[in-house]
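I have placed the structure first, in the form of structure tokens, so that the comments after it can refer back to it.
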Amino acid sequence: MEPSLLIQYSPLIVASTGFFVVLGGMYAVVIYLNPERSAQDRVADLTGKSQPDTDLFLRPEPTNDVTSRVGALATGSEEESNEQRRILLQAGFRSRNALEVYNALRVMLTVVLALTGYAITRGQEPIMIAFGILLGMTVGYYIPKIIVQGRRDGRQKDLMNSFPDALDLLVSSVEAGLGLDAAFRRVAKEMETAAPTLARELQAVNYEVEAGVPRTIALRHLDHRTGLQEVNSLVNVLLQAERFGTSVAEALRIHSTLVRKKRMLNAEENAAKISPKLTLAMILFILPLLFTVLAGPAAINVMNNLLPAMGG
Numbered sequence: 003m004e005p006s007l008l009i010q011y012s013p014l015i016v017a018s019t020g021f022f023v024v025l026g027g028m029y030a031v032v033i034y035l036n037p038e039r040s041a042q043d044r045v046a047d048l049t050g051k052s053q054p055d056t057d058l059f060l061r062p063e064p065t066n067d068v069t070s071r072v073g074a075l076a077t078g079s080e081e082e083s084n085e086q087r088r089i090l091l092q093a094g095f096r097s098r099n100a101l102e103v104y105n106a107l108r109v110m111l112t113v114v115l116a117l118t119g120y121a122i123t124r125g126q127e128p129i130m131i132a133f134g135i136l137l138g139m140t141v142g143y144y145i146p147k148i149i150v151q152g153r154r155d156g157r158q159k160d161l162m163n164s165f166p167d168a169l170d171l172l173v174s175s176v177e178a179g180l181g182l183d184a185a186f187r188r189v190a191k192e193m194e195t196a197a198p199t200l201a202r203e204l205q206a207v208n209y210e211v212e213a214g215v216p217r218t219i220a221l222r223h224l225d226h227r228t229g230l231q232e233v234n235s236l237v238n239v240l241l242q243a244e245r246f247g248t249s250v251a252e253a254l255r256i257h258s259t260l261v262r263k264k265r266m267l268n269a270e271e272n273a274a275k276i277s278p279k280l281t282l283a284m285i286l287f288i289l290p291l292l293f294t295v296l297a298g299p300a301a302i303n304v305m306n307n308l309l310p311a312m313g314g
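Residues 3 to 314 (our numbering) are what the sequence shown spells out, left to right.
Next comes the structure, spelled out in structure tokens:
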């Protein structure tokens, strides 16, 4: 690289390097250098082999002081904090300091990308510098939110796709004579390969009950972690059956029929949407090319023969 180009792009290089250094440093401090994490946990992260997560909700999660102070800058009211915790929980971030890390990441990304925007636009018009800083701040502040929301939506979709099958297994297990706790344990074991996300949620219910948490609270936690209307209905069905002494198997079978029918209706709705989507794609991308191929040669012949005649 020529020295002039190196000097010209040095602010961009420095800003980009600082951006990745900050991200890597935060990831290392929060994830790997946490003194409370065991060696088995760090090895499992590196090898991809997870250990049994038996203390999923009961183990204390130490909060780094720096992370807490930085995260506090972006923390709003208590209502907003509770809503953010709920979204992070439904996205799969279960540690107790997830909100502090999330807010700290938003603050640091906002600052770093604002500096990056300034470095890129330095030396230009003031309005361009202000635009670069504002763009960097906006992107840095909203990128974590978009990522978390996308992960939450994907996780809920994964849970919803496998929930009717798990509910059928739960009905079969209860009708076979298993208790509700044993049925949850059996279904979680059977769904480990086909639906690992749902299996982990069901295992979490068992872990909480085994740790002494009342089943009512454990089921409510399941509802909060998933955020699905179907799971909320299942929890209400189980709680009402337990409260009034009605047949759990019969209540589960009725709910299973409703959930499966709803999934079938959703599939039919998605199938009905295919034709309008294909029509729009054909109008925008296929028909113009088709008209070009069919009418192009004729238009060229007309131009070659008609224009000279018109010109005399």
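Glycine is no exception: its CB is placed at the ideal position from the N, C-alpha and C atoms.
Model, not experiment: these values are computed from the prediction.
{"query": "What is the DSSP secondary structure of residue 193, reduced to helix, strand or coil?", "result": "coil"}
{"query": "Taking 8 Å as the cut-off, does the CB of residue 310 come closer than this to any heavy atom belonging to the ligand MN?", "result": "Summarising the ligand content, the structure contains no ligands, and the ligand MN is consequently not present."}
{"query": "Which one of 184, 185, 227, 211 has the shortest CA to CA distance from residue 199?", "result": "227"}
{"query": "To the nearest angstrom, report how far apart residue 195 and residue 238 are at their CA atoms.", "result": "27 Å"}
{"query": "Considering only the beta carbon of each residue, do residue 183 and residue 208 sit closer than 9 Å?", "result": "yes"}
{"query": "What residue from 116, 153, 108 has the CA that sits closest to residue 144's CA?", "result": "108"}
{"query": "Inspect the beta-carbon positions of residue 157 and residue 175 and report whether they are closer than 9 Å.", "result": "no"}
{"query": "Select from 170, 246, 261, 131 the residue whose C-alpha is nearest the C-alpha of residue 234.", "result": "261"}
{"query": "Grouping DSSP H, G and I as helix and E and B as strand, with all else coil, what is residue 142?", "result": "helix"}
{"query": "Inspect the CB distances between the stretch 133–151 and the stretch 107–124 and report whether three or more fall short of 8 Å.", "result": "yes"}
{"query": "Would you check if the distance between the CB atom of residue 201 and the CB atom of residue 190 is smaller than 9 Å?", "result": "yes"}
{"query": "CA-CA distance, residue 159 and residue 125?", "result": "47 Å"}
{"query": "Kindly list the residues whose CB is nearer than 7 Å to the CB of residue 265, restricted to its own chain and excluding five residues on each side of it in sequence; keep chain order.", "result": "166"}
{"query": "I think residue 146 touches residue 172, with their Cβ atoms under 8 Å apart; what is that distance to the nearest whole Å?", "result": "Not a contact, Cβ separation roughly 36 Å."}
{"query": "Where do the ends of the alpha helix (DSSP H) carrying residue 119 lie?", "result": "100–123"}
{"query": "Measure the C-alpha to C-alpha separation of residue 246 and residue 213 and round it to an integer number of angstroms.", "result": "25 Å"}
{"query": "Could you spell out the range, first to last residue, of the alpha helix (DSSP H) harbouring residue 204?", "result": "198–212"}
{"query": "Given a threshold of 16 other Cβ atoms within 10 Å of its Cβ, counted over all protein chains shown, does residue 283 qualify as buried or as exposed?", "result": "exposed"}
{"query": "With DSSP run on the structure shown, which of helix, strand or coil describes residue 83?", "result": "helix"}
{"query": "Just verifying my parser: in three-state terms, what is the DSSP assignment at residue 95?", "result": "coil"}
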